Amino acid sequence: MSHCAPYTALDIPGVCETHSLVAYLLSEIPPRQAYALWAFYGIGMMVLPDADVSADLQVSVRGVRDLRNNGLASCRRIAARDDISYAA
Numbered sequence: 001m002s003h004c005a006p007y008t009a010l011d012i013p014g015v016c017e018t019h020s021l022v023a024y025l026l027s028e029i030p031p032r033q034a035y036a037l038w039a040f041y042g043i044g045m046m047v048l049p050d051a052d053v054s055a056d057l058q059v060s061v062r063g064v065r066d067l068r069n070n071g072l073a074s075c076r077r078i079a080a081r082d083d084i085s086y087a088a
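In the UniProt record's numbering, the protein residues as written are 1 to 88.
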């Protein structure tokens, strides 16, 4: 049994705000970084292994990890620039 309570109507605005924030941040960073994050976290798609992403982007698996790390740093910079608070 799950330790989490099921979603209630009160949770929906928070979930929608989170999705909107993620979509905004990913739209503000370089596309290759955004794709590496989408694929890793399964945002709007199935989670993809790094090997598949590396083939798609024509970079090494290490390059995919670098893109993902740089993407997270870019999202943090955008959030700071726009004075957006978020839970880490």
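The beta carbon of each residue, even a glycine, is placed where N, CA and C say it ideally should be.
The structure presented is a predicted model; accordingly, all values stated were derived computationally and were not measured.
Residues of its chain near residue i, where Cβ-Cβ distance is below 6 Å and the 5 sequence neighbours each way are ignored
| i | result |
| --- | --- |
| L10 | Since pLDDT at L10 reaches only 49, below the 50 mark, its modelled position is unreliable, and the value read off the structure follows with that caveat. For L10, where only same-chain residues beyond five positions count, there are no Cβ hits under 6 Å. |
Cβ shell of residue i (< 8 Å), same chain only, five flanking positions each side left out
| i | result |
| --- | --- |
| A23 | none |
| G63 | S54 and L57 |
| W38 | L26, G44 and M45 |
| V47 | A39, F40 and Y41 |
Minimum C-alpha distance to residue i - residue among the options
| i | options | result |
| --- | --- | --- |
| A79 | G14, I29, A36 and M46 | I29 |
| R81 | D56, M46, M45 and L25 | L25 |
| T18 | Y35, I43, A36 and R32 | I43 |
| V59 | A36, L72 and S74 | A36 |
| N70 | S20, D83, P31 and V15 | P31 |
Contact check, residue i vs residue j, beta carbons under 8 Å
| i | j | result |
| --- | --- | --- |
| F40 | R76 | no |
| Q33 | S85 | no |
Close-in-space but distant-in-sequence residues of the same chain around residue i (CB under 7 Å, 5 per side omitted)
| i | result |
| --- | --- |
| V61 | D50, A51 and S54 |
- In chain order, which continuous runs of the alpha helix (DSSP H) of length 4 or greater are located wholly inside the region 13 to 78? 31 to 41 and 50 to 57
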